[in-house]
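Here's the structure we're looking at; comments come further down.
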Amino acid sequence: MSRTIHEWEQGLLYVDGRFAGVLGPGRSRTLGRSDRLVVTLPRGLSFENLFALKVTSADRLLYRVSATIAFEIVDPRAAHAGNYREALKLAVTDALVHAAARSVEAMLADRPGLGAALASDVPQPVAGCRLASITVTALTLPPDPRRLYVEVERARLESQAALERARGEQAALRSLANAARMLKGNPELMNLRLIQALSPSGGKGGATLVLGRDALVAARPGDAATMEQDS
Numbered sequence: 001m002s003r004t005i006h007e008w009e010q011g012l013l014y015v016d017g018r019f020a021g022v023l024g025p026g027r028s029r030t031l032g033r034s035d036r037l038v039v040t041l042p043r044g045l046s047f048e049n050l051f052a053l054k055v056t057s058a059d060r061l062l063y064r065v066s067a068t069i070a071f072e073i074v075d076p077r078a079a080h081a082g083n084y085r086e087a088l089k090l091a092v093t094d095a096l097v098h099a100a101a102r103s104v105e106a107m108l109a110d111r112p113g114l115g116a117a118l119a120s121d122v123p124q125p126v127a128g129c130r131l132a133s134i135t136v137t138a139l140t141l142p143p144d145p146r147r148l149y150v151e152v153e154r155a156r157l158e159s160q161a162a163l164e165r166a167r168g169e170q171a172a173l174r175s176l177a178n179a180a181r182m183l184k185g186n187p188e189l190m191n192l193r194l195i196q197a198l199s200p201s202g203g204k205g206g207a208t209l210v211l212g213r214d215a216l217v218a219a220r221p222g223d224a225a226t227m228e229q230d231s
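Take 1 as the starting number for the sequence shown in UniProt numbering and just add one per residue.
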């Protein structure tokens, strides 16, 4: 009987309960006069997940953190002997609990760089594994604090929108004030603007200027022709 080790695996050979060597890809015999055991471990980058780890912040708020661990086995014998998956989870859990001892606001603000900070806090190697990266995938708050944070963010956005509207109104008022000062100092600008408004543009007919008693009457289609006939 034999055991096949694939290219994405690395094997450990134990003969009569003792470590005999590391096996590469290929077929290894497991039956013989002695008791032979072949253990396979992943080769290359591997991943492990931490789901909904309970942590407590500096302001005594209990929330959950989820993370993904990327690692590579560099010492297969030490990894197998040290139960590498549990050792990795324990090391990253300790780092997460230490990092989460800050306020929730600090954790949320530092989330983009939190993974790199966590990886630097974990001593290397861990049970024969090199820790490549830690990615914080979720920060889950309880329902009540989550609702409060949503309300705070909504109020901040509404305040920002009101500020932008006020800035736009101020800009419009400044523009009107500048135009009023220009017209006051240069009355001929009003006449030029009136001529410009009456001039035909875009191939359309010229505008109609109504003077006298009909000046305040809303213009309707055909009004200009009717007034010309009456005159």
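Here a beta-carbon is modelled for each residue, glycine too, at the ideal position from N, C-alpha and C.
Q) Which same chain residues, not among the five before or five after Val126, have their C-beta less than 6 Å away from its C-beta? A) On the sequence shown, position 126 is the one that residue 126 refers to. Result list for Val126: Ala87, Leu88, Ala91, in chain order.
Q. When DSSP labels each residue in this structure, what does Ala101 get in the three-state scheme?
A. If you number the sequence shown from 1, residue 101 lands on position 101. It is coil, neither helix nor strand.
(Q) Considering only their Cβ atoms, is the gap separating Ile134 from residue 234 smaller than 8 Å? (A) The structure shown does not extend to residue 234, since the chain is modelled only from 1 to 231, so the question has no answer here.
Q. How big is the Cα-Cα spacing for Ala109 and Val74?
A. Taking the sequence shown and counting its residues from 1, the one referred to as residue 109 is at position 109. Taking the sequence shown and counting its residues from 1, the one referred to as residue 74 is at position 74. The alpha-carbon atoms of Ala109 and Val74 are separated by roughly 34 Å.
Q. Mind checking Leu96: buried by the 16 CB within 10 Å criterion, or exposed?
A. On the sequence shown, residue 96 is found 96 positions in, with the first residue counted as 1. Leu96 is buried by the Cβ-count criterion.
Q: Measure from the alpha carbon of Gln10 to the alpha carbon of each residue in Arg43, Ala161, Ser2, then state which is nearest.
A: Reading the sequence shown from its first residue, position 10 is the one you call residue 10. Among Arg43, Ala161, Ser2, the Cα nearest to that of Gln10 is on Arg43.
Q. Grouping DSSP H, G and I as helix and E and B as strand, with all else coil, what is Val55?
A. What you label residue 55 is simply residue 55 of the sequence shown in a count that begins at 1. In the structure shown, Val55 sits in a strand (DSSP, three-state: E or B).
Q. What are the boundary residues of the beta strand (DSSP E) that Ala113 is part of?
A. Counting from one through the sequence shown, the residue named residue 113 turns up at place 113. Looking at the sequence shown, residue 113 is not Ala but Gly. No beta strand (DSSP E) holds Gly113; the alpha helix (DSSP H) holding it covers 111-121.
Q. Among Leu139, Ala116, Pro76, which one has its Cα closest to the Cα of Val22?
A. Here residue 22 refers to the residue found at position 22 when the sequence shown is read from its first residue. Here the closest residue by C-alpha is Pro76.
Q: Output the boundary residues of the beta strand (DSSP E) element that contains Ala29.
A: As a first step, residue 29 must be located in the sequence shown, where it is residue number 29. Before going on, a small fix: residue 29 reads as Arg here, not Ala. Residues 26-29.
Q) Taking Val104 as the reference, which of Phe51, Leu139, Thr93, Gly128 has the closest Cα? A) Taking the first residue of the sequence shown as 1, we reach residue 104 at position 104. When each option's Cα is compared against that of Val104, the closest is Leu139.
(Q) Just to confirm, is the Cβ distance from Ala79 to Gly17 under 8 Å? (A) Translated into positions along the sequence shown, residue 79 becomes position 79. Translated into positions along the sequence shown, residue 17 becomes position 17. Contact: no.
Q. Where do the ends of the alpha helix (DSSP H) carrying residue 244 lie?
A. It is not possible to answer for residue 244, since the shown part of the chain is limited to 1 through 231.
Q: Give every residue of the same chain whose Cβ lies closer than 8 Å to the Cβ of Leu62, excluding the five residues on either side of it in the sequence, and list them in chain order.
A: Counted from its first residue, the sequence shown places residue 62 at position 62. Cβ within range, chain order: Lys54, Val55, Thr56, Pro142.
Q) Nearest CA to the CA of Trp8: which residue from Val150, Ala20, Gly26? A) Counted from its first residue, the sequence shown places residue 8 at position 8. It is Gly26 whose Cα lies nearest to the Cα of Trp8.
(Q) Can you tell me where the beta strand (DSSP E) holding Pro42 begins and where it ends? (A) As a working note, residue 42 is residue 42 in the sequence shown. Where Pro42 is concerned, the enclosing beta strand (DSSP E) stretches over 36-42.
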